[in-house]
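The structure appears below as structure tokens.
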Amino acid sequence: MGGKNSHHPQYFPLSTFHLPLFLEASLSDLPPVRVRFAPSPTGRMHLGSARTALYCYLLARRTAGTFILRIEDTDRKRYVEGAEQELIDGLHWLGLNYDEGPDIGGPSGPYRQTERRAIYQKWADKLVEDGHAFHCFCTAERLEQVRQEQQKNKQNPRYDGTCRSIPLSEAKKRVAAGEKHVIRFKMPTEGETRAVDVMRGEITWQNKDLDDTVLLKSDGLPTYHLAAMTDDYEMRITHVIRGSEWLSTFPVHVNVIRALGWPEPTWMHLSVFLKPSGKGKMSKREAADAIKDGHSIFVMDLKDLGYTPEGVLNWIVLMGWGVAEDDVMTLDQMVERFSINNLNPSPAAINFTKLDHFNGTHIRLMSTEELAGRIKPFFERAGYSVDEGILLKLTPLIRERLVTLDDSIPFGGFFFQPTVSPAAADLIAKDLTPAQSAEVARRSLDILSKLPDLSHASAEPPMRQYVEESGLQPNQVFGILRVAVTGQKVSPPLFESMEIIGREKVLERVQNAIKLLESL
RNA sequence: GCCCCCAUCGUCUAGUGGCCCAGGACGGGGCCCUCUCAAGGCCCAAACAGCGGUUCGAGUCCGCUUGGGGGCACCA
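Residue 530, in the working numbering, is where the first sequence stops; the numbers in between run on with no holes.
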């Protein structure tokens, strides 16, 4: 079954669904696909990329196919140092392990486009020889001028065709003479182009609306339109999953492929993610606001914030893909259920509240050992030296209180502190005076100190009895003790916490609280 | 401006002509549980953008309108 490289634990949510046997059988009916996630290293890995990669992964595993990572680094101006590594780290963190890629190699490499330039040059030349493309010697300055002119005249900005009619023999001479040039695709000027996107059906363009797109730049590197098509052909990609920003250049791509006589892959263009308001896509400003809010659209930020791969994956998989019920899923369960027929083409607004929900849900689904291992680094990052024994004991106590792994600090940090320093005001129970609160603390100390051991089981009954006899509210008595022992007003359950902290420290902390209250 | 895409509760979505006075999830409201905070259980409010067709029958098919989105580079 899918997810053969998955790091994810095998667990099933409470709402687990049972996969019918006939569905299992149908897995083998789907021919194995070859899909690629092809990001460009021009910035940080965000949610949109992560979802595209996820769907690629799901389709590959679902069909026992191949998932490839390819780096589209042909834009040297926008290249960002470290971006490729962040992409790789992000995929590994999410558990979307690929079968072929720049760092692990594979039979159809290299997997970085800058290492494949000869291949593109070869196919660009073929396009020119066959009359499907031409050398263009226009300067960027002239083109810019033409564009402005066209806009002024309310015309559509497009290439004006100047070099289209230069005879090939003359063009070759100018190229040989070292004249700077690009290679443009010779788009048909009449008729229409039709192509099929599995999510939307057939789309039709009038060829007269299409432009003579640049395929090979003057630096000898290809544009996306040539590079991606060539690599998809050379790497025998069967299904192209990409963002809907490619829809507008879709006709260029199919025309290039058809001119070269290559087989056409199955296409699907994923909708964009909109900002939480649903008005427009995420901008730099919204990204900054999200971070202020404890959220982020960047994958590796989410990791640092304490989100889990399970939570993030579950969240983004449902933005653009719907399941009838049981929407809590592990990666392996997504593989079992995934189908490209259920993809939704409409844009989806990002909803961080839902991420919080899925993250908390997956945290609650983890075994104690698993969760302890996940929160340990967060305690260490916060400066605590972590005692494994205590860690294992506190984990079940804080599990259902966590939204992010980082929430472990406020809920469990005090377990690793030698002392606590409660605020005096917090030690005073609701409707009680400092003196009365001190009395409650003294009586509690008296009860607790008489116990041979201090455990949840031994401490709760006598304390409950005291509450009963005193006529006080449970939360008045337990509240004072909670603040005395944990140093905070909100904590995991009191008696379980005291058991972990230990008799000696508990008594000491209650004594300190009494002193503090008496000094008021 | 031009081209293309999209349109079910606030949000993510199920729905492939009768099973839908539209189902699930998040969020919201209420109740229960309760030593705080949570978690959990039960319940409630909340949508087929509008208008025309097609059909015995339309959320589901077609057209228009409106709204939203993407793109119009020697960027991906």
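Note that beta-carbon positions come from the ideal geometry of N, C-alpha and C, so glycine has one too.
Here the structure is a predicted model, which means the values were calculated and not measured.
Handout entry: Cβ-Cβ distance between Pro261 and Thr214 below 7 Å
Key = Cβ atoms of Pro261 and Thr214: not closer than 7 Å.
Handout entry: Spatial distance of Ile360 from Lys285 (CA atoms)
Key = Going by the C-alpha atoms only, they are around 6 Å apart.
Practice task
Measure the Cβ-Cβ separation of Thr62 and Leu280 and say whether it is below 7 Å.
Solution key: Yes. Within cutoff.
Handout entry: Bridge partners - Thr203, DSSP secondary structure assignment
Key = For Thr203, which the question treats as bridged, DSSP gives the partners Trp215.
Exercise for the section: Evaluate Ala181 with the Cβ neighbour count: other Cβ atoms within 10 Å of its Cβ, from every protein chain shown; 16 or more gives buried, anything less gives exposed. Expected result: Buried, because 16 or more other Cβ atoms sit within 10 Å of the Cβ of Ala181.
Problem - Segment contact, 8 Å Cβ cut-off, at least three pairs: the segment 376-384 with the segment 327-341 - result: Two segments are said to touch when three or more pairs of C-beta atoms, one from each, lie closer than 8 Å; by this definition the segment 376-384 does not touch the segment 327-341.
Exercise for the section: Over the uninterrupted alpha helix (DSSP H) stretch that includes Leu402, give me the two end residues. Expected result: Counting along the chain, the alpha helix (DSSP H) containing Leu402 begins and ends at 398-408.
Practice task
Identify whether Cys146 lies in helix, strand or coil by the three-state DSSP scheme.
Solution key: Correct three-state label for Cys146: strand.
Exercise for the section: Measure the alpha-carbon distance for Leu461 versus Ile307 and round it to whole angstroms. Expected result: Approximately 52 Å between the Cα atoms of the pair.
Exercise for the section: Take Asp416 and list the residues in its own chain whose beta-carbon comes closer than 6 Å to its own, dropping the five residues that flank it on each side. Expected result: If we look at Asp416 and ignore the five residues flanking it on each side, its Cβ neighbours are Gly316, Phe388.
Practice task
Determine, using beta-carbon pairs with one atom in the segment 79-90 and one in the segment 235-243, whether at least three such pairs fall under 8 Å.
Solution key: Contact annotation: the segment 79-90 touches the segment 235-243, with at least three C-beta pairs closer than 8 Å.
Practice task
Assign Ile78 to one of three DSSP states: helix, strand, or coil.
Solution key: Note: Ile78 maps to strand in three-state DSSP.
Problem - Close-in-space but distant-in-sequence residues of the same chain around Lys291 (CB under 7 Å, 5 per side omitted) - result: If we look at Lys291 and ignore the five residues flanking it on each side, its Cβ neighbours are Val282, Phe283, Leu284, Lys285.
Exercise for the section: Report the residue from Tyr394, Leu401, Arg347, Arg519 whose alpha carbon sits nearest the alpha carbon of Tyr67. Expected result: Comparing Cα-Cα distances from Tyr67 to each of Tyr394, Leu401, Arg347, Arg519, the minimum goes to Arg347.
Handout entry: Buried/exposed call for Ile114, threshold 16 Cβ in 10 Å
Key = Burial call: exposed.
Problem - Rounded C-alpha distance that separates Gly105 from Leu64 - result: The straight-line gap from Cα to Cα measures roughly 9 Å.
Exercise for the section: Give the DSSP-derived three-state secondary structure of Met278 in the structure shown. Expected result: When DSSP states are grouped into helix, strand and coil, Met278 belongs to the strand group.
Exercise for the section: Tell me whether the beta-carbon of Thr134 lies closer than 7 Å to the beta-carbon of Leu226. Expected result: For the sequence presented, residue 134 should be read as Ala rather than Thr. The Cβ atoms of Ala134 and Leu226 lie closer than 7 Å to each other.
Handout entry: Environment of Arg295 [buried if 16+ CB atoms lie within 10 Å]
Key = Label assigned to Arg295: exposed.
Exercise for the section: May I ask which residues mark the beginning and end of the beta strand (DSSP E) holding Met47? Expected result: According to the sequence provided, residue 47 is Phe. The question's Met does not apply to it. Where Phe47 is concerned, the enclosing beta strand (DSSP E) stretches over 44-47.
Problem - Segments assigned beta strand (DSSP E), at least 3 residues, entirely inside the segment 231-286 - result: Within the segment 231-286, the complete beta strand (DSSP E) segments of 3 residues or longer fall at 249-253, 276-280, listed in chain order.
Exercise for the section: With distances taken Cα to Cα, identify the nearest neighbour of Glu154 among Ser480, Glu528, Tyr169, Trp272. Expected result: Nearest option by C-alpha distance: Tyr169.
Problem - Close Cβ partners of Leu33 (< 6 Å) along its chain, the five nearest in sequence each way excluded - result: Residue confidence for Leu33 is low, a pLDDT of 37 falling below 50, so the modelled location carries little weight; the figure read from the coordinates is stated next. Non-local C-beta neighbours of Leu33 in its own chain, meaning closer than 6 Å and more than five positions away in sequence, are absent.
Problem - Proximal residues to Gly201 (C-beta, below 6 Å), its chain only, five neighbours per side dropped - result: Asn217.
Practice task
Please confirm whether Ser447 and Leu527 have their CB atoms less than 7 Å apart.
Solution key: Yes, these two residues count as a Cβ contact at 7 Å.
Practice task
Have a look at Leu404, Glu390, His367 and flag the residue whose alpha-carbon is nearest the alpha-carbon of Met339.
Solution key: The alpha carbon of Met339 has as its nearest neighbour, out of Leu404, Glu390, His367, the alpha carbon of His367.
Exercise for the section: Measure from the alpha carbon of Ser179 to the alpha carbon of each residue in Leu437, Tyr394, His145, then state which is nearest. Expected result: When each option's Cα is compared against that of Ser179, the closest is His145.
Problem - Arg122 versus Ser293 - alpha carbon distance - result: Near 28 Å, if we compare the C-alpha coordinates of Ser293 and Arg122.
Exercise for the section: With distances taken Cα to Cα, identify the nearest neighbour of Cys173 among Arg152, Ala358, Asp229, Gln161. Expected result: It is Arg152.
Handout entry: Contact check, Ala451 vs Ile524, beta carbons under 7 Å
Key = Yes, they are a contact pair.
Problem - Span separating the alpha-carbon of Lys164 from that of Tyr243 - result: Taking the straight line from one Cα to the other gives about 39 Å.
Exercise for the section: Grab me the residues of Lys190's own chain with a C-beta within less than 6 Å of its C-beta, minus the 5 sequence neighbours each way, in chain order. Expected result: Ser228, listed in sequence order.
Exercise for the section: Have a look at Met376, Arg374, Phe424 and flag the residue whose alpha-carbon is nearest the alpha-carbon of Ala392. Expected result: Here the closest residue by C-alpha is Phe424.
Handout entry: Start and end residues, beta strand (DSSP E) containing Ile193
Key = Its beta strand (DSSP E) spans residues 192-195.
Practice task
Note the first and the last residue of the continuous alpha helix (DSSP H) segment covering Val224.
Solution key: Here Val224 belongs to no alpha helix (DSSP H); instead the beta strand (DSSP E) covers 224-226.
Handout entry: Which residues DSSP lists as bridging Gly115, in chain order
Key = Gly111, per the DSSP bridge assignment.
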